[in-house]
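See structure below.
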Amino acid sequence: MSSAGVVFKRCGCRDASRRRLEQSCPRLAERGHGSWYFHCSATNLLGRRERVRRGGYATTRFRKLVQRTELPPVRLHDLRHGAASLAHQAGADLKTLQDLLGHSSIVITADTYTSVLPQVQRHCAGATAHLVLTAARRTRKKIKTKARKNRSTRRPKQLPPPRPLQPQP
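Numbering (our numbering) for the sequence shown: -15 to 153.
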């Protein structure tokens, strides 16, 4: 059974997996190496065989790549948050995201891993404005209709012309 692309955790993985991992790289059994390891038996882009790496290896490599390309500072873990937000915008429900991200609580997924993207905020604001304007137009139309009905069809009585003032003797 191949262990390519499997993430091992020294404390918490099955004993057979842990033993196989520590046999393939005895240094990992020592203290001070962290607890997460990525076992990759594939050949990397440079044609070299990859070995078991510590969890910080990918983070360090990613940080160096970001610095080299002069991109704005972003952590590898930020990509996980971004992917969750994009999946949520694409229609994935929170329960599915919780399962994909391996969270024990949907609250963590909802509060920490999903963000409301600016275009979603604009869409929501536009939809709200549309509802408010539609209601305002409807109300205005009702007011006009009632005002027409309440207008008197009779003309007011004509008052007699004022009497001329008589001079006093």
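All C-beta atoms in this analysis are idealised placements derived from N, C-alpha and C, irrespective of residue type, glycine included.
Just so it is clear, the structure is predicted and the values come from calculations on it, not from any experiment.
Cβ pair residue i, residue j closer than 8 angstroms
i	j	result
Leu183	Thr80	Since the displayed the chain opens at -15 and closes at 153, residue 183 lies outside it and no answer follows.
Ala94	Leu78	yes
C-alpha gap between residue i and residue j, whole angstroms
i	j	result
Gly83	Tyr97	The question names Gly, but residue 83 in the sequence shown is Asp. The alpha-carbon atoms of Asp83 and Tyr97 are separated by roughly 13 angstroms.
Pro102	Ala74	14 angstroms
Pro146	Lys126	42 angstroms
Arg122	Ala113	14 angstroms
Gly86	Ala76	15 angstroms
His65	Arg47	17 angstroms
Cys108	Arg52	38 angstroms
Pro56	Leu49	11 angstroms
Thr118	Arg124	10 angstroms
Val58	Ala111	33 angstroms
Met(-15)	Ile90	Reliability fails at Met(-15), whose pLDDT of 33 lies under 50, so the model's placement of it is uncertain and no value is given.
Endpoints, alpha helix (DSSP H) assigned at residue i
i	result
Ser69	Leu60 to Gln73
His87	Here His87 belongs to no alpha helix (DSSP H), and DSSP marks it neither H nor E.
Leu117	Pro102 to Asn134
Any C-beta of chain C under 8 angstroms from that of residue i
i	result
Leu63	Among the chains in the structure shown there is no chain C, since it carries only a single protein chain.
Of the listed residues the options, nearest to residue i (C-alpha basis)
i	options	result
Ser99	Val58, Arg132 and His72	His72
Val104	Leu143, Pro151, Ser69 and Ser88	Ser69
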